[in-house]
Amino acid sequence: MIGKLKVHLPGGVQDYLPDECYNKRKVEEKIRNFFFLSGYDEVETPILEYFDVFAGIKTSIDQENMFKLIDPEGRILVLRPDITMPIARMVGTKLKDCALPIRLSYLGNVYQYGEIQICKQREVAQAGIELLGVDSAEADAEVIAMAIQMFLNLGLKEFQIDIGQVEFFKAIIKEAVLSDENTEEVHRLIDQKDMLSLERLLKELPISEDVRNLLYKLPQLYGDSSVLNEAMEISRNAEARAAVENIQQVYRILKGYGFQNYISFDLGMVQSFDFYTGIIFRGLTRDLGYPICGGGRYDMLVSEYGCDLPATGFAVGIKRLLIAMEQQGCLEEIPRIDVLLTFTEEDRGKAYRVLQQLKNEGKRVEMFLPLKSAVEPMTYARQKGITQIINISGSGIKKYNVD
264 MIGKLKVHLP GGVQDYLPDE CYNKRKVEEK IRNFFFLSGY DEVETPILEY FDVFAGIKTS
324 IDQENMFKLI DPEGRILVLR PDITMPIARM VGTKLKDCAL PIRLSYLGNV YQYGEIQICK
384 QREVAQAGIE LLGVDSAEAD AEVIAMAIQM FLNLGLKEFQ IDIGQVEFFK AIIKEAVLSD
444 ENTEEVHRLI DQKDMLSLER LLKELPISED VRNLLYKLPQ LYGDSSVLNE AMEISRNAEA
504 RAAVENIQQV YRILKGYGFQ NYISFDLGMV QSFDFYTGII FRGLTRDLGY PICGGGRYDM
564 LVSEYGCDLP ATGFAVGIKR LLIAMEQQGC LEEIPRIDVL LTFTEEDRGK AYRVLQQLKN
624 EGKRVEMFLP LKSAVEPMTY ARQKGITQII NISGSGIKKY NVD
């Protein structure tokens, strides 16, 4: 069995070949630079963390799906399944005295063990930002605007950001006074927009007709800004109205930035409602059947690590982003080698100096290494798509174009 696996990869991971790796690095560098120029300082957390960093925090991450290890002292370690929580740990223990707001960015891999589906990876490259210390519509709008501008900078045009508000769902479900089990089931069906099962369940629950109609209406509150007016009209309590007003405030700011054409609203988007505490959002493209980014407000998380700070942020999956960019023609071909350098044994030192000079000019250069098969430089250059050969010899420097 070991011999058979020697040439295979585990499920959910991949090799990046030269063209793929080139575009991955280019995209990551563009994202990194954009975050930096926007005032977000990059941080890095270790891939290995104690299990306790993630234990007891209600998120979409199933603790059973974490890669776990045992250290020599018997303590449980995990390969980090998320980067937001380690950053919250970092802020709560090492950055709590910094001037507010704190703007941080990251780029790294996370690991989760689960079923392998389309683009469902076990090793996931992510980039993201966290904005900590400010609880305001302006902060929520900044994070969403960062996601939109990032996509535009990368050349994406056909995308949209769905915005929701988990407090709207919480305000409605509070009126229903349901058990935790029933609340979770209603939440799941609303999030999946399973209208048939939701209708069947709501008929069985001991709730008023008004609340039943509200919960059934929730997955249908999806679309343009008129959805917010409808949500305000049917809101039965101050908490629900405050949640809608919060989205309206965020939308006004984003509209002022000129981003209204990229925004839609989904008040039935209620994933991880125990983790998020306000605005939530996800980024979608037309041809991809799953989100390429997601985020929102999580004001209770940092307090788990000793510092009470409101926070909001988002993460983008690099692999999913690359697929979306490929579908929209935004990726580049890896630049080919510009020059093949050939030389005589006596002029090796001179050839090396020419090599460095050409690289300083921004050219990609290879030194020709003779093979046992005795491939001629011109043949090799054609095979590699190299357009010029420079030969260094005692008689001088000669240039040849490769036809």
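Read in order, the letters of the sequence shown correspond to residues 264 to 666 in our numbering.
Glycine residues also receive a C-beta, built at the ideal position from the N, C-alpha and C atoms.
State the start and end residues of the unbroken beta strand (DSSP E) segment that holds D443.
-> Where D443 is concerned, there is no enclosing beta strand (DSSP E), although the alpha helix (DSSP H) it sits in stretches over 443 to 454.
Cutoff 8 Å; reference A410; Cβ partners in own chain excluding five residues on either side | Excluding sequence neighbours, A410 sits near I424, F544, G546, C556, G558, F577, V579.
Tell me whether V449 is buried or exposed, calling it buried when 16 or more other Cβ atoms sit within 10 Å of its Cβ.
-> By the neighbour-count criterion, in which 16 or more other beta carbons inside 10 Å mark a residue as buried, V449 falls on the buried side.
Take the Cβ of K466 as the centre, count every other Cβ of all protein chains shown within 10 Å, and call the residue buried at 16 or more, exposed below.
-> K466 counts as exposed, since fewer than 16 other C-beta atoms from the protein chains shown sit within 10 angstroms of its C-beta.
Beta-bridge partners of E393, as assigned by DSSP | According to the DSSP secondary-structure assignment, E393 is paired through a beta bridge with L367, G576.
Which of helix, strand or coil does DSSP assign to G266?
-> DSSP places G266 in helix when its eight states are reduced to three.
Between L551 and chain B, is there a C-beta pair that is closer than 9 Å?
-> Absence of chain B from the displayed structure is noted, only one protein chain being present.
Proximity below 9 Å, CB of I653 to CB of L621 | Cβ atoms of I653 and L621: closer than 9 Å.
Could you check what DSSP says for C556 in three-state terms: helix, strand or coil?
-> Three-state DSSP puts C556 in a strand.
Contacting residues, own chain, Cβ-Cβ under 7 Å from K678 (five flanking each side not counted) = An answer regarding residue 678 cannot be provided, because it is not within the stretch 264 to 666 covered by the chain.
Three-state secondary structure (DSSP) at K466?
-> K466 carries a helical assignment under DSSP once its states are collapsed to helix, strand and coil.
Spatial neighbours of D549 within its chain, please: CB distance less than 6 Å, with the 5 preceding and 5 following residues excluded, ordered by chain position.
-> Just to set this straight, residue 549 is Arg in the shown sequence, not Asp. If we look at R549 and ignore the five residues flanking it on each side, its Cβ neighbours are E421.
Limits of the beta strand (DSSP E) - the one that S527 falls within | Here the beta strand (DSSP E) through S527 covers 526 to 529.
DSSP-derived helix/strand/coil call for S471 | Here S471 sits in coil by DSSP.
According to DSSP, which residues form a beta bridge with M495?
-> DSSP, once it has assigned bridges, lists no residue as partnering M495.
Which residue comes first and which comes last in the beta strand (DSSP E) that contains M630?
-> Its beta strand (DSSP E) spans residues 628 to 630.
According to the Cβ coordinates, are L478 and I436 closer than 9 Å?
-> Contact: yes.
Taking buried to mean at least 16 other C-beta atoms within 10 Å of its own C-beta, is I407 buried or exposed?
-> By the 16-neighbour rule on beta-carbons within 10 angstroms, I407 is buried.
CA-to-CA distance, I600 to I426, given in whole angstroms = Taking the straight line from one Cα to the other gives about 45 Å.
For the region 563 to 570 against the region 345 to 363, are there 3 or more C-beta pairs whose distance is under 8 Å?
-> Between the region 563 to 570 and the region 345 to 363 there are three or more C-beta pairs closer than 8 Å, enough to call the two in contact.
Distance between beta carbons of A503 and A400, contact taken as under 8 Å = Rounded, the Cβ-Cβ distance is 17 Å, inconsistent with contact.
Anyone know if the C-beta pair for L585 and L572 falls short of 9 Å?
-> No; because the gap between Cβ atoms is not below 9 Å, this pair is not in contact.
Work out the CA separation of E405 and G519 for me, nearest whole Å.
-> About 12 Å.
Find the nearest neighbour of E307 within the set D315, D278, R343, F330, judged by alpha-carbon distance.
-> Measuring from the Cα of E307, the nearest candidate turns out to be R343.
Give the straight-line distance between the Cα atoms of D282 and E596, rounded to the nearest whole angstrom.
-> In a straight line, the C-alpha of D282 is about 7 Å away from that of E596.
Short Cβ contact (9 Å threshold) for G521 with Q384 | Judged by their CB atoms, G521 and Q384 are not nearer to each other than the 9 Å cut-off.
Could you pull out every residue in the same chain whose Cβ sits closer than 7 Å to the Cβ of S498, ignoring the five residues on either side in sequence?
-> Close CB contacts of S498 within its chain, under the 7 Å cut and outside five residues either way in sequence, are with R504, V507 (chain order).
On the DSSP bridge assignment, give the partners of D425 in chain order.
-> For D425, the pairing in a beta bridge is given by DSSP as S527, R545.
Under 8 Å by Cβ, that's how I've got I581 and A390 pegged, so tell me the actual separation to the nearest angstrom.
-> Their Cβ separation, rounded to whole angstroms, is 6 Å, which keeps I581 and A390 in contact under 8 Å.
Report, in whole angstroms, the separation of the C-beta atoms of L340 and Y313, which I expect to be a contact under 8 Å.
-> About 6 Å separates the CB atoms of L340 and Y313; that is less than 8 Å, so the two are in contact.
What's the C-alpha gap between S658 and Y285?
-> Using only the alpha carbons, I get a separation of about 38 Å.
DSSP puts K661 in a beta bridge; with which residues?
-> Beta-bridge partners of K661 (DSSP): N654.
So what's V602 in DSSP terms, helix, strand or just coil?
-> Taken through DSSP and simplified to helix, strand or coil, V602 comes out as strand.
Please report the Cβ distance between V474 and E438, rounded to the nearest whole angstrom; I am assuming they are in contact, meaning their Cβ atoms lie under 8 Å.
-> For a cut-off of 8 Å, the C-beta gap from V474 to E438 is around 5 Å, short enough to register as a contact.
For G612, which three-state DSSP category applies?
-> It is helical.
Pair every Cβ in the region 535 to 542 with every Cβ in the region 315 to 329, then say whether three or more of these pairs are closer than 8 Å.
-> Short answer: they touch.
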